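When we follow this note's numbering, the leftmost residue of the sequence shown carries the number 92, and every step to the right adds one.
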Amino acid sequence: MPKLSLSLRHSIPIMLFSFGGVFGLIFFQLEVQIAWTRAESRIEQQAKFIGGQTAGLIEYQYRQNNPRGATLAIHRLANAPTLDLVLLVDKNNRVIETTRLQFYEEQISDIVEPSIDSQVQAVRQNQSSQTILTEDRKNIWAFYPVGLGGSAGEILPSQVGVLLLKYDLDWLKQQAYIDAVRQSLTYSAFLSCLCLLFWLFFSILVVSPLRKLTNAAINIGRGHLDTRIHIKSHNEIGILSRSFNQMVEQLQDSLIALEKNNEILEQRVQKRTHELEIAKDKAEVANKAKSQFIANMNHELRSPLNAILGFTQIMTRSQTLPTEHQENVGIINRSGEHLLTLVNNVLDLSKIEAGRITLNEKNFDFYRLLSDIEDMLHFKAEAKSLQLLVEYTADVPQYIRTDEVKLRQVLINLINNAIKFTEEGGISVRVGSNSPNSNSIKIICEVEDTGAGIAPEELDRLFEAFIQTEAGKQAQEGTGLGLSISRKFVQLMGGDIHVTSQINKGTIFRFDIEATIVKENEVNAQTPKRRVIALEVNQPTYRILVVDDKPLNCKLLIKLLAPLGFEVKEANNGQEAVKIWDRWQPHLIWMDMRMPVMDGYEATQQIKATTKGQATTIIALTASGLEEEKAVTLSAGCDDFMRKPFREEDIFQKMEEYLGVRYVYEKIESTPVGEEENEESIREKVSVLSQELQEPLKEALLTGSLERIARSISAIDREDSSLAAAIQKYCDRFEYQKILNWLTD
Numbered sequence: 092m093p094k095l096s097l098s099l100r101h102s103i104p105i106m107l108f109s110f111g112g113v114f115g116l117i118f119f120q121l122e123v124q125i126a127w128t129r130a131e132s133r134i135e136q137q138a139k140f141i142g143g144q145t146a147g148l149i150e151y152q153y154r155q156n157n158p159r160g161a162t163l164a165i166h167r168l169a170n171a172p173t174l175d176l177v178l179l180v181d182k183n184n185r186v187i188e189t190t191r192l193q194f195y196e197e198q199i200s201d202i203v204e205p206s207i208d209s210q211v212q213a214v215r216q217n218q219s220s221q222t223i224l225t226e227d228r229k230n231i232w233a234f235y236p237v238g239l240g241g242s243a244g245e246i247l248p249s250q251v252g253v254l255l256l257k258y259d260l261d262w263l264k265q266q267a268y269i270d271a272v273r274q275s276l277t278y279s280a281f282l283s284c285l286c287l288l289f290w291l292f293f294s295i296l297v298v299s300p301l302r303k304l305t306n307a308a309i310n311i312g313r314g315h316l317d318t319r320i321h322i323k324s325h326n327e328i329g330i331l332s333r334s335f336n337q338m339v340e341q342l343q344d345s346l347i348a349l350e351k352n353n354e355i356l357e358q359r360v361q362k363r364t365h366e367l368e369i370a371k372d373k374a375e376v377a378n379k380a381k382s383q384f385i386a387n388m389n390h391e392l393r394s395p396l397n398a399i400l401g402f403t404q405i406m407t408r409s410q411t412l413p414t415e416h417q418e419n420v421g422i423i424n425r426s427g428e429h430l431l432t433l434v435n436n437v438l439d440l441s442k443i444e445a446g447r448i449t450l451n452e453k454n455f456d457f458y459r460l461l462s463d464i465e466d467m468l469h470f471k472a473e474a475k476s477l478q479l480l481v482e483y484t485a486d487v488p489q490y491i492r493t494d495e496v497k498l499r500q501v502l503i504n505l506i507n508n509a510i511k512f513t514e515e516g517g518i519s520v521r522v523g524s525n526s527p528n529s530n531s532i533k534i535i536c537e538v539e540d541t542g543a544g545i546a547p548e549e550l551d552r553l554f555e556a557f558i559q560t561e562a563g564k565q566a567q568e569g570t571g572l573g574l575s576i577s578r579k580f581v582q583l584m585g586g587d588i589h590v591t592s593q594i595n596k597g598t599i600f601r602f603d604i605e606a607t608i609v610k611e612n613e614v615n616a617q618t619p620k621r622r623v624i625a626l627e628v629n630q631p632t633y634r635i636l637v638v639d640d641k642p643l644n645c646k647l648l649i650k651l652l653a654p655l656g657f658e659v660k661e662a663n664n665g666q667e668a669v670k671i672w673d674r675w676q677p678h679l680i681w682m683d684m685r686m687p688v689m690d691g692y693e694a695t696q697q698i699k700a701t702t703k704g705q706a707t708t709i710i711a712l713t714a715s716g717l718e719e720e721k722a723v724t725l726s727a728g729c730d731d732f733m734r735k736p737f738r739e740e741d742i743f744q745k746m747e748e749y750l751g752v753r754y755v756y757e758k759i760e761s762t763p764v765g766e767e768e769n770e771e772s773i774r775e776k777v778s779v780l781s782q783e784l785q786e787p788l789k790e791a792l793l794t795g796s797l798e799r800i801a802r803s804i805s806a807i808d809r810e811d812s813s814l815a816a817a818i819q820k821y822c823d824r825f826e827y828q829k830i831l832n833w834l835t836d
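And the structure:
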């Protein structure tokens with residue numbers, strides 16, 4: 092409901108006239124009541140006077156035996172203005188004289204109300220006069236006993252009648268009402284004049300100055316600061332007007348000063364903006380240089396690592412390599428794996444900072460993931476006499492969809508840290524969830540240890556890159572990237588990670604992620620990997636071109652593919668690759684993208700620009716770890732994309748996908764391990780493996796790196812294919828702890 096808004100010039104007179112009207116109405120009501128009361132009192136006195144005289148006169152006439160004189164006395168009352176009716180009744184209550192002939196000889200009970208009739212009887216009986224006002228206050232009745240039939244000198248008459256006089260008050264009350272109206276109008280006119288005078292006085296002294304103040308305030312609000320108020324008064328309004336003028340002057344001075352400051356500030360802002368633009372350009376150049384540097388370093392590091400890891404695996408196949416050299420090769424392989432992990436961590440961090448990392452969601456068995464991690468790290472905890480306990484509540488779903496690799500890495504990082512900095516006690520991993528909303532759920536994980544704890548001043552910077560706690564510095568392990576990357580991964584999965592710690596009591600890391608509940612039949616079952624040992628017969632001779640400016644990378648692929656029956660050629664740059672392709676027409680090209688003379692992008696575009704080039708499959712083989720590199724290579728015309736260092740099964744899988752190559756695999760019996768070869772025999776075979784094969788496998792199982800596990804099994808396969816197949820089956824079932832137990836027996 093809109094509010095009624097009235098100005099003072101209207102509200103004050105409305106209030107005054109409203110007050111006057113209400114007061115006048117009350118005065119009018121009181122005046123009417125007083126006038127009516129006066130009229131009733133006057134009529135009552137008149138009734139007593141006239142009634143008494145008339146009753147005496149009638150009684151006298153009857154004593155003189157002159158009824159005619161009584162009749163004349165009653166008829167003289169007929170012209171009285173307020174006397175409505177006169178009745179004279181005998182002892183039998185019969186009307187014997189009246190001012191209205193229609194009531195003559197009638198019974199009094201037929202003429203008046205019962206209350207009046209009963210009053211007649213009471214007056215006759217009591218021999219006393221009576222005056223009453225009717226309940227509706229419209230009439231006054233006067234009753235007088237009258238002696239009838241008495242003779243002169245007789246004290247008590249033989250018959251007693253009653254004289255009734257009825258007075259009508261309506262006419263008097265109308266006159267009283269008219270008089271009250273006249274009095275009220277006179278008073279109202281007088282009061283209205285007073286209100287008008289008061290309003291004029293108030294308007295001159297208050298309303299008019301306030302209106303000037305209001306108009307001035309409106310003008311000032313519109314920006315007219317030269318507005319002033321001229322009120323020559325010494326009351327509060329005059330003081331207010333002068334204060335108002337002073338305020339406007341101060342405001343005007345302040346605005347002038349503000350405009351000057353704004354001009355100065357604008358100049359400063361322009362200067363700072365220019366400086367920021369320069370700084371922004373420098374930062375963009377630096378960031379671009381950083382990204383380019385990371386990409387270059389990633390490529391330069393992965394390329395030799397690809398050769399190191401690949402050739403160390405090939406060297407372990409050699410039966411003639413001395414034991415001492417095999418140990419050295421094992422050390423080289425493990426060091427290369429560690430260096431690859433560090434490179435991946437740095438690359439992950441750089442991609443996170445650049446906002447380039449994305450989620451790779453898949454459906455998986457969450458219970459199995461937790462069990463695998465427990466099996467993987469249980470031995471590492473037992474080596475320090477620590478207890479590792481992994482538990483989850485009943486409301487945690489078994490099958491979920493999220494980024495399994497990143498979730499596994501976060502859990503492994505946190506548990507590894509807990510084991511690293513705990514000397515006694517144990518580590519508890521607790522997993523729970525909130526109530527699911529439809530298929531969405533929030534997974535909540537806690538990793539608690541009884542280690543040395545973290546100082547309060549170190550907690551704020553704990554998740555910064557390359558920051559280590561004092562305990563970490565003393566241990567001289569790690570790079571300070573694990574927690575930073577873990578937090579970024581958790582945030583990417585829709586949650587966050589927090590830490591609480593007490594010195595010498597332990598630390599609790601708590602994080603939550605968002606996931607989707609899926610059904611069991613939506614989870615892909617893992618199939619064991621089989622080793623390729625040859626090509627099936629009755630296939631064409633597949634021509635494979637390997638293009639890389641690093642000769643070692645070319646030789647690695649040649650040694651991997653040529654023994655199986657592929658015809659392989661190599662090119663050192665894109666220009667050579669185009670020439671060889673033109674005259675040799677290979678079925679598939681493994682193309683490095685960053686090379687001198689002509690890079691892989693241009694070479695791919697030239698080949699794919701021809702009709703026959705469309706029939707050649709080109710797969711980019713690059714050391715870049717950046718996700719956007721894949722989109723760039725595919726847009727250049729490549730059919731697929733693979734990163735270095737690669738796994739040999741991935742190489743074979745891509746050629747099977749694009750060329751339809753059929754392989755001969757090493758036979759793996761479908762019967763369960765233990766039917767063909769029991770666990771005891773496998774344990775014995777594992778225990779007699781050389782340290783060069785045992786150590787990489789043990790470290791791979793402890794870290795949980797599927798890539799390193801596959802390489803270790805591949806190295807064992809070159810010495811004992813049946814043992815490698817058996818170990819592969821246990822790994823496929825994530826029974827890492829059993830293999831670790833065999834390695835430590």
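Idealized CB from N, CA, C, for every residue including glycine. All values reported here derive from a predicted model rather than from experimental measurement.
Neighbour-count burial assignment, residue i, 16 or more Cβ in a 10 Å radius
{"i": "V113", "result": "exposed"}
{"i": "T762", "result": "No answer about T762 holds up, because its pLDDT of 42 lies below 50 and its placement is not dependable."}
{"i": "P736", "result": "buried"}
{"i": "R799", "result": "buried"}
{"i": "D823", "result": "exposed"}
{"i": "W675", "result": "exposed"}
{"i": "N217", "result": "exposed"}
{"i": "S524", "result": "buried"}
{"i": "H166", "result": "exposed"}
{"i": "K371", "result": "exposed"}
{"i": "A722", "result": "exposed"}
{"i": "V779", "result": "exposed"}
{"i": "I830", "result": "buried"}
{"i": "G563", "result": "Note that G563 scores a pLDDT of 49, beneath 50, so its modelled location is shaky; the value from the coordinates is reported in the next line. The residue is buried, with at least 16 neighbouring Cβ atoms inside 10 Å."}
Unbroken beta strand (DSSP E) run spanning residue i, endpoints
{"i": "L179", "result": "L174 to V180"}
{"i": "Q478", "result": "Q478 to Y483"}
{"i": "C729", "result": "Counting along the chain, C729 falls outside any beta strand (DSSP E), and DSSP gives it neither H nor E."}
{"i": "K453", "result": "K453 to D456"}
{"i": "S531", "result": "S531 to D540"}
{"i": "F234", "result": "N230 to L239"}
The alpha helix (DSSP H) enclosing residue i, as first and last residue numbers
{"i": "A164", "result": "P158 to R167"}
{"i": "Y278", "result": "D261 to F293"}
{"i": "T844", "result": "The shown model of the chain, from 92 to 836, leaves out residue 844, and the question about it has no answer."}
{"i": "T305", "result": "S299 to G312"}
{"i": "G691", "result": "G691 to K699"}
{"i": "D208", "result": "P205 to N217"}
Cβ-Cβ distance between residue i and residue j below 7 Å
{"i": "D553", "j": "I518", "result": "It is Leu, not Asp, that sits at residue 553 in the sequence shown. Contact flag unset, no."}
{"i": "M652", "j": "I635", "result": "A small fix is needed here, since residue 652 is Leu in this sequence, not Met. Yes, the pair counts as a contact, with Cβ atoms nearer than the cut-off."}
{"i": "L679", "j": "L655", "result": "no"}
{"i": "A694", "j": "V659", "result": "no"}
{"i": "A308", "j": "I320", "result": "no"}
{"i": "S812", "j": "E770", "result": "no"}
Assumed close pair residue i, residue j - CB separation to whole angstroms, cut-off 8 Å
{"i": "S803", "j": "A791", "result": "5 Å"}
{"i": "S220", "j": "V214", "result": "7 Å"}
{"i": "V487", "j": "V522", "result": "6 Å"}
{"i": "I534", "j": "I604", "result": "5 Å"}
{"i": "R499", "j": "G795", "result": "7 Å"}
{"i": "I709", "j": "M682", "result": "5 Å"}
Checklist entry - Is it a yes or a no for the region 127-144 touching the region 260-278, going by three-plus beta-carbon pairs under 8 Å? => result yes
Checklist entry - Taking three-plus beta-carbon pairs below 8 Å as touching, is the region 292-304 in contact with the region 143-163? => result no
Checklist entry - Does the pairing of the region 631-643 with the region 653-663 give three or more beta-carbon distances under 8 Å? => result yes
Item to check | Stretch pair the region 362-369 + the region 604-616: three plus CB contacts closer than 8 Å | outcome: no
Next on the checklist: Three Cβ pairs or more, each shorter than 8 Å: is that satisfied between the region 804-812 and the region 473-490?
Outcome noted: no
Checklist entry - Can at least three beta-carbon pairs, one atom from the region 773-783 and one from the region 727-746, be found at a separation below 8 Å? => result no
Next on the checklist: Closer than 8 Å is the cut-off here; do at least three beta carbon pairs connect the region 703-723 with the region 580-591?
Outcome noted: Flag = no, the region 703-723 and the region 580-591 do not touch.
Checklist entry - Given 8 Å as the limit, is there contact between the region 536-543 and the region 509-516, that is, 3 or more CB pairs closer than that? => result yes
Checklist entry - Counting Cβ pairs closer than 8 Å, one from the region 161-179 and one from the region 250-258, do we hit at least three? => result yes
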